[in-house]
Amino acid sequence: MSQQNPLTLVTPIMQEMHQNLYPFLQKIKYDLEAGKHELFENIGTIHFCRWVVIDDKAETGEPTTEKIAKLVFTSNFDGSVENHIKDLCTIAAPVIDRIYECCEEYPAENERTAESRIAYLNKWFVKTTTFYKGSPGRSMKQIKEESNLRNYIKELIETKDWSSMSAGEIHQSIQHSVFSNPEFSWAKTKVKMPGINWFGMIFLSIILLVLLPLIIPFILMLYFFYERKDPYFTLNRSQLNEKHIKTLEEYEDLKFQNQFTQLVLVKPGKVRLFTFKAMMLFGRTLIRFLFVKGKLMGIPSIHFARWVLFDQNKRVLFFSNFDGSWQQYLGDFIDKSGWGLTGIFSNTTNFPKTRFLITGGAYDEEHFLAWSRYTELPTQIWYNAYPHLSIKNVNNNSLIRTKLRKTLSERQAKKFLKLI
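This note's numbering puts the first residue of the sequence shown at 135, with every later residue one more than the last.
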């Protein structure tokens, strides 16, 4: 199985170059919207990536205390971080030069080599706190190959009369057609589909039971000494900066997939930082053991998501690549995982009022949706390698491939045909 990894770079922008950066980022954005994807396709391993500017008005559309604007780059890719950065600094070198020459300490033009670029990007690397993958182990190459396989089988089914054959016979005929086609020789190779780690889940449950006598008093302490006193978010959608909202909406619903970028501040004090890190650890464990089949806390639309704690543990960036609309995406979070979302973001400033860590908060739908817009950042550039595929499609196509290799009963063959 391929290893999918995240990369996050947070780089300070030179004050005098701040305004020079935007036009070039805008040009790349327009090129992507026009279908010019060569910059990222040539690298061949990038699923999604984006550039985001954090400036003095980026968090809410209102002035903040941000003194040095920062350029954030994130990508979801196959392989090692080292190889990915090397690819960026060689295959995409002209674009990297043009973007990062606006940032502090970038090598002078006569000093730019693959090695100097790599050293520069490594300097601004920020570790990802928690990383979710909707299709674990699927490489870019595999996702595109399996999509082509599914399209081939679908066309085969639609262009032939199968009325006299049983489901099992149809499966065998499709199997023969695919495996005799040199284009799909790779489909004969067995692939392992990720499964729930029940041993890990049992172990986690035991640990939680052992810690329960400590967890309950801790949550009560949070409520009585922190939550009842914390300022909380009270604005409605109509009270937000309209220009900020329109800027966000300009880069939404252009395709079936969407992106979401959010910047929040961790509440001051060691207790809140500890609680946030504990929730992140809990999330990482569930992602590793349980959320391996394309659903994050029951949400079936997320390709990749990550939380990044940075700036000396004072701020958190959240990034998501998902299917469907913004409203539907956040509505799913409220309906299916409001407790998890509240448990994480209740440790950040100006979140809707919470009680006992995991109640209130996201369940206050009106204020939660307004808070989400208030803390959302405009994304300057966003690239998605397979905009026509939902995460359900990606996982379904892998299942078609695995079922195609097997000898199926009549009942199993009927289920297989329903996948097409």
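Where a beta carbon is used, it is the ideal one built from N, C-alpha and C, also for glycine.
Given the structure is predicted, the values throughout are model-derived calculations rather than measurements.
Taken in chain order, the complete alpha helix (DSSP H) segments of 4 residues or longer contained in the segment 451-516 are 460-479, 499-509. Membership of R184 in the beta strand (DSSP E) is indicated by the continuous run 180-188. Proximity to G334 across P270, E243, F416, N256 peaks at F416, based on C-alpha coordinates. Around the Cβ of D469, a 10 Å sphere holds fewer than 16 other Cβ atoms; the residue is exposed. The Cβ-Cβ distance between K278 and Y520 falls below 8 Å. Around the CB of V400, 16 or more other CB atoms lie within 10 Å, so the residue is classed as buried. Taking 8 Å as the cut-off, the Cβ atoms of I147 and A203 count as close.
Rounded to whole angstroms, the gap between the alpha carbons of L205 and W185 is 7 Å.
According to the DSSP secondary-structure assignment, F265 is paired through a beta bridge with R440. Under the 10 Å beta carbon count, I525 is surrounded by 16 or more other beta carbons and is classified as buried.
In the three-state reduction of the DSSP assignment, P347 falls in the helix class, which pools H, G and I. For the pair V260 and F438, the CB atoms are not nearer than the 8 Å cut-off.
In the structure shown, P521 adopts coil according to DSSP, grouped into three states. Annotation: T368 is outside any beta strand (DSSP E) and is labelled neither H nor E by DSSP. If you draw a straight line from the Cα of N176 to the Cα of T323, it comes to about 26 Å. For S209, the enclosing beta strand (DSSP E) begins and ends at 204-212. Excluding the 5 residues flanking it on each side, L511 has same chain C-beta neighbours closer than 6 Å at V186, A192, T395, L397, in chain order. The straight-line gap separating the alpha-carbon atoms of F174 and G268 is approximately 21 Å.
If you draw a straight line from the Cα of N282 to the Cα of N481, it comes to about 44 Å. By the Cβ rule, the segment 402-414 does not count as touching the segment 423-434, because fewer than three pairs are nearer than 8 Å. In the three-state scheme derived from DSSP, where H, G and I count as helix and E and B as strand, V400 is classed as strand. With a cutoff of 8 Å on beta-carbon distance, H305 and L542 are scored as near each other. Sequence-distant Cβ neighbours of G477 in its own chain, meaning closer than 7 Å and more than five residues away, are M413, L491, I492. Taken through DSSP and simplified to helix, strand or coil, R362 comes out as coil. Around the CB of R284, 16 or more other CB atoms lie within 10 Å, so the residue is classed as buried.
Residue ranges of uninterrupted beta strand (DSSP E) with 3 or more members, entirely inside the segment 232-296 and ordered along the chain, are 264-267. Closest in alpha carbon position to T368, among H181, L551, N484, is N484.
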